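Student: Input: one structure, supplied below.
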Amino acid sequence: MEQTGGKWMSLIGAYMIVKGIVNLILGFSVGNIVTLLISGVLAFLIIKGVPYMNYVTGAYLALMSVIHIIPNIQGHHWFYLAEGIIDLIAAVVLFTSGRTKES
Numbered sequence: 429m430e431q432t433g434g435k436w437m438s439l440i441g442a443y444m445i446v447k448g449i450v451n452l453i454l455g456f457s458v459g460n461i462v463t464l465l466i467s468g469v470l471a472f473l474i475i476k477g478v479p480y481m482n483y484v485t486g487a488y489l490a491l492m493s494v495i496h497i498i499p500n501i502q503g504h505h506w507f508y509l510a511e512g513i514i515d516l517i518a519a520v521v522l523f524t525s526g527r528t529k530e531s
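Going by this note's numbering, the letters in the sequence shown line up with residues 429 to 531, in that order.
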């Protein structure tokens, strides 16, 4: 279970970094730079297995998804809507992964 949990943490961390870079390319702004920096730090901490960072990162991903879901639906931003759904799935994995509960 430890190895599977580590793979999930690495996959979610990589997703957060790639997502931040893509968002920065699509819309260069200070907000996207800050989001990329926060995502990078959180990704590093969950990959390193810092206790309880899975919950912090899961809450961050869920919050970002909820904050942006209405504007993405109203603006027909389907790419970002899909991103929000993936964020929610990643948050569920972070909250329920066995490896993270052992930390």
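No residue lacks a Cβ here, since even glycine has one placed at the ideal position from N, Cα and C. As the structure is a prediction and not an experimental result, all values here were calculated from the model.
Grab the span of the alpha helix (DSSP H) containing Y488 for me, first residue to last.
Tutor: Note, Y488: alpha helix (DSSP H), M481 to Q502.
Student: Just to confirm the assignment, what range does the alpha helix (DSSP H) spanning G459 have?
Tutor: Start and end: V458 to K476.
Student: Candidates K447, V494, V520 and M437: which alpha carbon is nearest V478's?
Tutor: The candidate whose alpha carbon is nearest that of V478 is M437.
Student: Please confirm if the stretch 506 to 514 is in contact with the stretch 478 to 487, defined as three or more CB-CB distances below 8 Å between the two stretches.
Tutor: As far as the Cβ criterion goes, the stretch 506 to 514 does not touch the stretch 478 to 487, which means the pair count is below three.
Student: Between which two residues does the alpha helix (DSSP H) holding G512 run?
Tutor: Start and end: W506 to T524.
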